[in-house]
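Down below is the structure, laid out as C-alpha cells.
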Amino acid sequence: MDVIGVHGREISHVTESAQFAVVPLGSVEYHGPHSPLGTDTILAEGFAKRVDAALRPLIYPTLPFSACPGKTQHYPGTISVRPSIFIEYLTDVVEGICRLGICNIVLLNAHDGNMGPARVVAESVTSTYPDASFLIINWWQMASVDFTQQLGLFQGTAGRGHGGPYEMSAVKALRPEMVTVQESDLELDSCPPLSSLPYVLVEGTPQGWDGYTGHIQQCSLEAGQTIVVEASRNMNLLIQEWLDMKKKTNKEAK
Numbered sequence: 001m002d003v004i005g006v007h008g009r010e011i012s013h014v015t016e017s018a019q020f021a022v023v024p025l026g027s028v029e030y031h032g033p034h035s036p037l038g039t040d041t042i043l044a045e046g047f048a049k050r051v052d053a054a055l056r057p058l059i060y061p062t063l064p065f066s067a068c069p070g071k072t073q074h075y076p077g078t079i080s081v082r083p084s085i086f087i088e089y090l091t092d093v094v095e096g097i098c099r100l101g102i103c104n105i106v107l108l109n110a111h112d113g114n115m116g117p118a119r120v121v122a123e124s125v126t127s128t129y130p131d132a133s134f135l136i137i138n139w140w141q142m143a144s145v146d147f148t149q150q151l152g153l154f155q156g157t158a159g160r161g162h163g164g165p166y167e168m169s170a171v172k173a174l175r176p177e178m179v180t181v182q183e184s185d186l187e188l189d190s191c192p193p194l195s196s197l198p199y200v201l202v203e204g205t206p207q208g209w210d211g212y213t214g215h216i217q218q219c220s221l222e223a224g225q226t227i228v229v230e231a232s233r234n235m236n237l238l239i240q241e242w243l244d245m246k247k248k249t250n251k252e253a254k
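Residue numbers (full-length UniProt numbering): 1 to 254.
Shown next as C-alpha cells:
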C-alpha cells in the first residue's frame, strides 16, 4: 500500500496490517550524457513498486535529495545535500514511522552515497527504538556480480559502474524513454580491480571517468528486463526471510 493514499481515519488499520515500511532512497545526480539526473530515484521507486504486495508493505515516497560524492558534485545537474543534513533528515523520517508503531523498516537504496548514512541512521535509531529492525537493500546487490556474465548480457564486461550498462539497462526496463545513448557518447574503461578481495576505494577523479563509466553502448532493454526480474525476485526472497526471522524471534520471546 502507498502511504500517500492513506486517509487519516485509516491510519490505525493500515499500520496494524502492514508488516513493514519501505523508504526508497534516491538522488539527483549526473549519470552521464545518456542518463537522467533522476536515475537513482527512478530505480528506487521502480523497485519499491516491485515489492510483493502479499508481504504487506507500506510504501513511503522516495527521498530524492541526498549526499553525492565529490566525483559527481561538480557535474551539471547534481544536487548534493551535506551528509550530516541527510542523516538528520532520514533519522526524522524513520523515527516518524517508528512512532506509528511500525518497527520493521526497509531502506531500499539506489544510490551508492546513501550506503554509509543509511547504516548510521539505522544504528542510531535502534538505540532509541530497541524493537526497530532495519533491512538495508541496495538494489544492485540483489543480483550476483557474475549474473550478467553467466547469461552473456554484456560482452567483455559485467556492466557494473556509475551510469554503466548494468544500471542504465535497469532504468531502461523501468522507463525505456529515459536512456538515450548516442554513437558519440564515450565508452570508458573503469579501473581494473586491485584484488579479488572486497575493498573500498574513494577517489575524486577515478580512472576511466567522465561523470560516469562503462561500455554504455551495451545498454539494452532486454538486459535491463532480465536484471530487474532477477533483482526483484531476490529482493522479495530476502524480505520474506527477514520477516520470517522476525516472527520466529518474537514467538520465542513470548
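Beta carbons: idealized from backbone N, C-alpha and C, even for Gly.
Predicted model only: the values in this text are computed from it and were never measured.
Shown here for Glu-187: same chain residues with a beta carbon closer than 7 Å to its own, the five before and five after excluded, namely His-215, Ile-216 and Gln-217 in chain order. For Leu-90 and Pro-176, the gap between their C-alpha atoms comes out near 30 Å. For Ser-232, the enclosing alpha helix (DSSP H) stretches over residues 221-253. Of the other Cβ atoms in all chains shown, 16 or more fall within 10 Å of the Cβ of Lys-172; this residue is therefore buried.
In summary, Gly-159 is buried, with 16 or more beta-carbon neighbours lying within 10 Å of its beta-carbon over all protein chains present. Of all C-beta pairs linking the stretch 111-126 to the stretch 19-33, three or more are shorter than 8 Å, placing the two stretches in contact. In this structure, DSSP gives Ala-53 a helical state, which the three-state scheme calls helix. Look at Ala-118 here: in three-state DSSP terms it is helix. Residue pairing by DSSP places Ser-66 opposite Ser-80 in a beta bridge. Counting along the chain, the unbroken alpha helix (DSSP H) around Val-171 starts and ends at 165-174. Contact between His-74 and Asp-185 does not hold, since their C-beta atoms are separated by about 20 Å, which reaches or exceeds 8 Å. In the structure shown, the three-state DSSP call for Leu-197 is coil. Taking the C-beta atoms as reference points, Ile-105 is found no nearer than 8 Å to Val-14. Taking C-beta atoms as the reference points, Phe-47 and Met-235 count as a pair closer than 8 Å. Ser-144 and Gly-38 have their alpha carbons spaced roughly 24 Å apart. When C-beta atoms of the stretch 76-88 are compared with those of the stretch 55-68, three or more pairs fall below 8 Å, so the two segments count as touching. Here Phe-20 carries a strand assignment [DSSP, helix/strand/coil]. Residue state for Ile-105 is assigned as strand, using DSSP reduced to three classes.
Judged by beta-carbon spacing, Leu-55 lies within the 8 Å limit of Leu-243, meaning their Cβ atoms are closer than that value. About 6 Å separates the Cβ atoms of Ile-59 and Val-3, confirming a contact at the 8 Å cut-off. When the beta-carbon positions are compared, Asp-146 and Cys-103 stay at least 8 Å from each other.
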